[in-house]
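First comes the structure, then the notes that go with it.
In this note's numbering, the protein residues as written are 31 to 179.
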């Protein structure tokens with residue numbers, strides 16, 4: 031499933047969306063899905079490599095020999111390289127498919143008036159599910175004055 035919803039001015043609350051516009055948006059979403067999957071795989075391997083490298087440093091600080099773990103870190107490094115190459119390949123292929131679909135999208139939308147009676151509608155506050163949010167954050171540490179590591 032694509033992590034982003036393609037922008038269209040017709041996607042307004044209460045608006046009537048033309049079937050052709052919706053088909054185009056669904057095609058864009060379908061083309062973005064392999065990109066998101068490849069990026070998720072790459073991010074997973076990068077996160078695993080960082081975690082293992084931090085574990086290696088912790089073992090060294092405790093005076094333990096991390097030689098077996100270092101071999102695994104190198105294996106994960108190879109997996110990161112493969113995942114990065116796969117991501118670049120998928121991204122290039124899918125972007126070529128996305129360009130004509132994005133070209134079909136209109137910047138301005140003129141449509142029939144919404145059948146919703148806005149005077150009788152109410153706004154309800156609903157909780158946002160945490161499992162629907164994806165955040166990518168890279169931990170940073172302060173190395174020296176004026177320098178982030």
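We put the CB at the ideal spot given by N, CA and C, even for glycine.
In this text the structure is predicted, and so the values were computed from the model without any measurement.
ask   = At which residues does the alpha helix (DSSP H) containing residue 90 begin and terminate?
value = As a working mapping, residue 90 is identified with position 60 in the chain shown. Counted as a single uninterrupted DSSP element, the alpha helix (DSSP H) harbouring residue 90 occupies residues 49–91.
Assigned secondary structure, residue 150 (DSSP; H/G/I helix, E/B strand, else coil) = The sequence position of residue 150 within the chain shown is 120, counting from 1. Of the three classes helix, strand and coil, the one that applies to residue 150 here is coil, per DSSP.
Check whether residue 75 and residue 118 have beta carbons under 8 Å apart = As a first step, residue 75 must be located in the chain shown, where it is residue number 45. As a first step, residue 118 must be located in the chain shown, where it is residue number 88. Going by C-beta atoms, residue 75 is not nearer than 8 Å to residue 118.
inquiry  = So the candidates are 124, 144 and 101; which of them puts its Cα closest to the Cα of residue 48?
reply    = To locate residue 48, count along the chain shown from 1; it is residue 18. Of the listed residues, the one whose Cα sits closest to residue 48 is 144.
inquiry  = If I measure Cβ to Cβ from residue 103 and keep anything under 8 Å in the same chain, skipping five residues before and after, which residues do I get?
reply    = What you label residue 103 is simply residue 73 of the chain shown in a count that begins at 1. Closer than 8 Å at the Cβ level, and outside the excluded window around residue 103, lie 79, 82, 83 and 86.
query = In the structure shown, what three-state DSSP assignment does residue 117 receive?
reply = For this step, residue 117 is matched to residue 87 along the chain shown. Three-state result, residue 117: helix.
request  = Report the rounded CA-to-CA distance for residue 62 versus residue 116, giving the unit in angstroms.
outcome  = Indexing the chain shown from 1 puts residue 62 at position 32. Indexing the chain shown from 1 puts residue 116 at position 86. If I take the Cα positions, the gap works out to 15 Å.
Residue 65 and residue 132 closer than 8 Å at C-beta = In the chain shown, counting from the first residue as 1, residue 65 sits at position 35. In the chain shown, counting from the first residue as 1, residue 132 sits at position 102. No, Cβ-Cβ distance for residue 65 and residue 132 is not below 8 Å.
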